[in-house]
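**Q** Following full-length UniProt numbering, the numbering of the sequence shown begins with 1 at its first residue and continues without gaps. Using N, Cα and C, we set each Cβ at its ideal position, and we do this for glycine too.
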Amino acid sequence: MGLAQVLHDFANWSTVCGVPHIANARTRAWRVFWSVVFICMFSMFVYQLYTMIVKFISFPSNVNTEIFFKEQAFPVVTVCNSNPYKLSAILNQSNNLDTIKHLMDVYVGASSKSLTASDEYGLYELMNTDYEKEQRAWDALALEAAQLGEEQLNPALYTFGELITDCTFSGKKCSAADFTRIVDPIYGACYSFNEDSTLSYSTSRAGMKFGLKLLITVSQQTTSMVKDFLPTTKMAGARVAIHPRGVHAALDNNGINVGVGYQTAISLVSTRTQRLKEPYGKCVDTEPDATNLYKSNVYTLETCFYNCRQRETIKQCSCANPRFKKADSQQWCLPTKVNLDCLTSLRGDQASTTPNISPLQDCSCGPPCSETSYLTTASISKFPAEDYFVATDPTQGVAGSCDNQNPTFNQDPRRCREWYAKNALLLQVFFETLKYESYTEVPSYGISPALNDLGGQAGLWLGLSVISVIEVCALIMMLILYCVTCGRLKIRPDDGELEEDERIKDIGEVKKELDHADRHDKAMEEDDDIDIEDEINDNNNEKKAE
């Protein structure tokens, strides 16, 4: 049997629409017509198949939004004084903080344009540009502090009692045991509420009464009315960051400034996001250990950017920026003009982008796969009111209660309230609602919808079904066997073999004999009918004659 016969047989018994019409067409015109129809339909199917493949390999995704209402874990609230170091401790020579004192003298001289000390920071060159001068002074302060280390800086850092005078959560007292101390390179000693994993603060009710309330004393003046803020500190207040447990506070990026003399209420709305990894998304669980300087923190975009910026800083300046973490083998930048110029150039400006670091372009950072964030809304009101009686635990804080028994202010409540108005603030953090939104990224075009579309398009344009696919597979197997056996495979006898087969010939002779017998029987029956009819006619004629 030839290849043409195999294909012709397939066309006869195939359920693929159009193919049997082509094989069994009675005229050339009909065969051409059905061939054109089949080619057009097949072309449309191939085009639709191409679009489906392109869509599938693009791995699209959708975001499902769900709204939940239930008890929520309270976030971590990190609080820092906007003034990183106490000026009184800096001026105390026994603390050996002369380098910071010298920096403050240079800054004051540059600000007043009457420089009297040597300027190794380049501040005097920037005395006519206030913003650049302040930024240079803050960078220099971070470099000086990094050289001293936390232990030597400790006398100048604010203790918990000096910063947080009173603390309650849902009306119940909280203490220093509920806070974790961290030392930030910009804001000094900070205290994080609910950071410790052994704590389990949560809330099942929304509103200001069921959150965290802190009375914070930043003490720009001591209770003896001595100024205690550094000349570089431009705001009297606190820096507050609200974040999930384990997440780096990122105070410089995500912090909120709250000023003295006000009650600041921060309401929260929680959102939770689940993202897909490749190939559907680009989320990241963690950075490789070799490049991750924030191994103790949960992965976030900020920590990824910090890692990237620190690597670029070390590459460009040959030293590490104390604003970010570093490896033990790396060295902090020395507080010199060359290093400060290098750090400033990496920060860039609006007019020049070289050699500015652009995290979005230079850093390959993806969003975290699982993320909890808080939408914050802040409102403020004057604190304390003119006749408000500030009452605190006498064992906590630096000023005590504003009653006529307080010796700190010579039993003068008015002086006490004035001091609190200039040196303290009231902070309240609470959930606005227990409702939170959950965003979950899911594949929008996986295997199942792709197969559904494939079946629909195949049925629409070619009338294909699963049976048709099996038929095509059978044809392919037959063609493979035909090629392997070089055409010797016999699926059915050839036409010549059928003609020469004696069994077929015998059957043909038998058929002829049967046909002849049938014709003979019919002839005999016809003769009998004629004889009977003649006899009947004769009888009728005899009766008429009588």
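Do V260 and T300 have their CB atoms nearer than 8 angstroms?
**A** no
**Q** Could you tell me the boundaries of the beta strand (DSSP E) in which A265 lies?
**A** Y262 to Q274
**Q** For D178, which option in I164, S364, T286 and V398 has the closest C-alpha, if you only look at C-alpha atoms?
**A** Proximity to D178 across I164, S364, T286 and V398 peaks at I164, based on C-alpha coordinates.
**Q** Go to V106, then tell me how far its alpha helix (DSSP H) extends in each direction, as first and last residue.
**A** D98 to S112
**Q** Within this structure, are the beta carbons of L340 and A142 separated by less than 8 angstroms?
**A** no
**Q** How many angstroms separate the CA atom of T303 from the CA atom of W419?
**A** Near 39 angstroms, if we compare the C-alpha coordinates of W419 and T303.
**Q** Ordered along the chain, which non-local residues of its own chain (more than five positions away) have a Cβ less than 6 angstroms from that of A89?
**A** The residues are N95, P155 and A156.
**Q** On the DSSP letters alone, give me the boundaries of the beta strand (DSSP E) that H243 sits inside.
**A** G237 to H243
**Q** According to DSSP, is L293 helix, strand or coil?
**A** Residue state, collapsed to three classes: coil.
**Q** Can you say whether S219 is buried or exposed, counting buried as having 16 or more other CB atoms within 10 angstroms of its CB?
**A** buried
**Q** Go ahead and pull the three-state DSSP assignment for V218.
**A** coil
**Q** Along the chain, where does the alpha helix (DSSP H) containing D341 start, and where does it finish?
**A** K337 to R347
**Q** How long is the line joining the alpha carbons of P322 and K277, rounded to whole angstroms?
**A** 33 angstroms
**Q** How should P60 be labelled, buried or exposed, when 16 other C-beta atoms within 10 angstroms of its C-beta is the threshold for buried?
**A** exposed
**Q** Taking DSSP as the reference, what is the three-state secondary structure of S373?
**A** Strand.
**Q** Indicate whether the contact test is met: 3 or more Cβ pairs, each with one atom in the stretch 173-189 and one in the stretch 404-414, closer than 8 angstroms.
**A** no
**Q** Quick check: the Cα distance between D119 and A238, rounded to an integer number of angstroms?
**A** 30 angstroms
**Q** According to DSSP, is Q330 part of a helix, a strand, or is it coil?
**A** coil
**Q** Please list, in chain order, all residues of the same chain as D196 whose beta carbon is under 7 angstroms from its beta carbon, the five residues on each side excluded.
**A** T180
**Q** Measure how close the beta-carbons of V240 and V258 come, nearest whole angstrom, since I'm counting them as under 8 angstroms.
**A** 6 angstroms
**Q** Can you name the start and end residues of the alpha helix (DSSP H) that Y50 belongs to?
**A** R28 to I57
**Q** Where Q350 and Q135 are concerned, what is the direct C-alpha to C-alpha distance, given to the nearest angstrom?
**A** Reliability of the predicted coordinates at Q350 is poor, the pLDDT of 47 falling under 50, and the value obtained from them is presented with this limitation in mind. Distance between the alpha carbons of Q350 and Q135: 15 angstroms.
**Q** Excluding sequence positions up to five away, which residues of its chain have a Cβ less than 6 angstroms from the Cβ of C319?
**A** Q331 and C333
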